Amino acid sequence: KTVILNNRYMGMVRQWQQLLHGSRYSESYSETLPDFVKLSEAFGFTGMKCENPADLDDAIAKMLEIDGPVILDVAVDDKENCYPMIPSGKPHNEMLLGQETNGNEAIDSDEGMVLV
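As numbered in our numbering, residues 2 to 117 make up the sequence shown, in order.
Okay, here's the thing in structure tokens:
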């Protein structure tokens, strides 16, 4: 089973460009992504799409009930970020934790280290 968190960008590339390179976006957006449901079916898999957050739990339950490979394409906001994130060359105790820490603060105390 595979879930695609589809923000129509190369998600982590865009996120790194936003957080670590002053939002200088380059080559991370794609207007021509494939239809992942049809692509899944072309390979003999089951393809599913979820565009409404209220439907996500049901879509996941259905995906798990299906025998065999399933790809679930989940539409997410195009500016949504994925956390936690460890910047290049940084140790795990300097991971970025997300919006609850303004999106760019690292773990820098002994207390925070128990999270990793």
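For every residue, glycine included, the Cβ atom is placed at its ideal position computed from N, Cα and C.
This structure is a prediction, so every number in the text was calculated from the model and none was measured.
| query | result |
| --- | --- |
| Cα-Cα separation between H22 and E32, rounded to whole angstroms | 22 Å |
| Same chain, Cβ closer than 8 Å to F46, neighbours up to 5 away in sequence not counted | G69, P70, V71 and I72 |
| The segment 6–24 in contact with the segment 76–92 per 3-pair CB rule at 8 Å | yes |
| L97 (DSSP reduced to helix, strand or coil) | strand |
| Closest by C-alpha distance to N53, when choosing among L65, K39, P35 and D74 | D74 |
| For T33, the residue or residues it bridges with in DSSP | According to DSSP, T33 bridges with nothing at all. |
| C-alpha distance - D1 paired with S24, whole-angstrom precision | The first residue shown for the chain is 2 and the last is 117, placing residue 1 beyond what the model contains. |
| Residue from L34, I67 and L97 whose Cα sits closest to the Cα of G48 | I67 |
| Outcome for S41 when other beta-carbon atoms lying within 10 angstroms are tallied against a minimum of 16 | buried |
| Own chain partners of K50 with C-beta closer than 6 Å, once the 5 adjacent residues on each side are dropped | V38 and D74 |
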